[in-house]
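Residue numbers (my numbering): 207 to 443.
Here a beta-carbon is modelled for each residue, glycine too, at the ideal position from N, C-alpha and C.
Okay, structure first, notes after.
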Amino acid sequence: MAILLCSSSFSPAFAQKHKNPPAPATVSLPPSPAPSPAARRHVDLADLLSVAGPFHTFLDLLEKTDVLKTFQSQANSSKDGITVFVPKDSAFASLAKTAMANLTSDQLKSLALYHALPRYYSLAEFNKLSTVSPVSTFAGGEYTVNVTDDMGTVHVRSMWSNPKISSSVYSTRPVAVYEVDRVLLPMQIFKTDPPMAPAPAPAPDAKPSDAVSPLPGKSSSAKAKADDKKSSDAHDL
Numbered sequence: 207m208a209i210l211l212c213s214s215s216f217s218p219a220f221a222q223k224h225k226n227p228p229a230p231a232t233v234s235l236p237p238s239p240a241p242s243p244a245a246r247r248h249v250d251l252a253d254l255l256s257v258a259g260p261f262h263t264f265l266d267l268l269e270k271t272d273v274l275k276t277f278q279s280q281a282n283s284s285k286d287g288i289t290v291f292v293p294k295d296s297a298f299a300s301l302a303k304t305a306m307a308n309l310t311s312d313q314l315k316s317l318a319l320y321h322a323l324p325r326y327y328s329l330a331e332f333n334k335l336s337t338v339s340p341v342s343t344f345a346g347g348e349y350t351v352n353v354t355d356d357m358g359t360v361h362v363r364s365m366w367s368n369p370k371i372s373s374s375v376y377s378t379r380p381v382a383v384y385e386v387d388r389v390l391l392p393m394q395i396f397k398t399d400p401p402m403a404p405a406p407a408p409a410p411d412a413k414p415s416d417a418v419s420p421l422p423g424k425s426s427s428a429k430a431k432a433d434d435k436k437s438s439d440a441h442d443l
């Protein structure tokens, strides 16, 4: 009986001593932020303009004014897209050097922005666009253009120029790049019609020689005969 009591008095302590330790509390960490996806780039405008054209003058204008970043951002992230009118180097060369050299940095930036519409337009859509002119450009405000479509020939008219779309450089929604044969010249920047570069002087016409050159091998024979005649005349005297 004593043994049973002793056993019963120590059983709880023995059981408590051999209990499993409590599991450590689980610490909940906040979820790691998902990496932001890289901006989708439909087309690299700098790469495109550097190999096509040549459009080096216009690309240089976009880079110096930081407008290239604006255009590229619109091309990458906007559902509306972008339409860019790109003059060839020859279009800029046709202007007098003073036309561009006298512009301020703000005017140069506005000129660059003026060459794009803040929406994608395919060539087929210009016909409808011609019915709602004037059309706002990236330059905003009063910097508008008038689009005309005459049997598929599209012109983009500014105050002092009426460039024609010569070709489609790139056109896949949401980015369209069209080559134009002249620089867009808004009246907000150019108060008068900018002077054109002087035409290159024509090459002088080649004039035929008045004297007929003797045929090869005959000049020495003729000279020898003349010398013989002179010698004969002197002998007769």
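Spatially closest choice to residue i from the options, by CA coordinates
{"i": "Pro260", "options": "Met393, Asp387 and Lys397", "result": "Asp387"}
{"i": "Ser279", "options": "Met402, Leu390 and Val381", "result": "Val381"}
{"i": "Tyr349", "options": "Val273, Gln394, Pro400 and Ala297", "result": "Gln394"}
{"i": "Leu268", "options": "Lys303, Ala322 and Thr304", "result": "Ala322"}
{"i": "Gly358", "options": "Thr378, Lys334 and Pro406", "result": "Lys334"}
{"i": "Leu319", "options": "Pro406, Ser284, Lys275 and Glu385", "result": "Lys275"}
{"i": "Thr378", "options": "Phe332, Pro369, Tyr326 and Met365", "result": "Tyr326"}
Backbone CA spacing between residue i and residue j [nearest angstrom]
{"i": "Tyr376", "j": "Lys397", "result": "33 Å"}
{"i": "Ser339", "j": "Asn352", "result": "5 Å"}
{"i": "Asp266", "j": "Met402", "result": "21 Å"}
{"i": "Leu347", "j": "Pro293", "result": "Reading off the sequence, residue 347 comes out as Gly, not Leu. Roughly 22 Å separates the two Cα atoms."}
{"i": "His248", "j": "Phe344", "result": "19 Å"}
{"i": "Pro324", "j": "Phe277", "result": "9 Å"}
{"i": "Leu251", "j": "Thr263", "result": "14 Å"}
{"i": "Ser374", "j": "Ser328", "result": "9 Å"}
{"i": "Val257", "j": "Pro408", "result": "31 Å"}
{"i": "Leu254", "j": "Ala281", "result": "13 Å"}
{"i": "Gln313", "j": "Ala330", "result": "32 Å"}
{"i": "Asp295", "j": "Ser284", "result": "29 Å"}
{"i": "Pro463", "j": "Lys270", "result": "Only positions 207 to 443 of the chain appear in the structure, and residue 463 is not among them; the question remains open."}
{"i": "Lys303", "j": "Leu317", "result": "16 Å"}
Below-8 Å beta-carbon distance, residue i vs any chain B residue
{"i": "Ser300", "result": "Although the question refers to chain B, the structure presented lacks it and comprises just one protein chain."}
Cβ-Cβ distance between residue i and residue j below 8 Å
{"i": "Val383", "j": "Ile371", "result": "no"}
{"i": "Pro400", "j": "Leu391", "result": "yes"}
{"i": "Ser367", "j": "Asp355", "result": "no"}
{"i": "Ala297", "j": "Val389", "result": "yes"}
{"i": "Lys315", "j": "Val341", "result": "no"}
Simplified DSSP assignment, three categories, for residue i
{"i": "Thr398", "result": "coil"}
{"i": "Leu309", "result": "coil"}
{"i": "Asn368", "result": "coil"}
{"i": "Leu390", "result": "coil"}
{"i": "Asp286", "result": "coil"}
{"i": "His262", "result": "helix"}
{"i": "Glu269", "result": "helix"}
{"i": "Thr276", "result": "helix"}
Review point. Does the pairing of the region 306-314 with the region 281-288 give three or more beta-carbon distances under 8 Å?
Key: no
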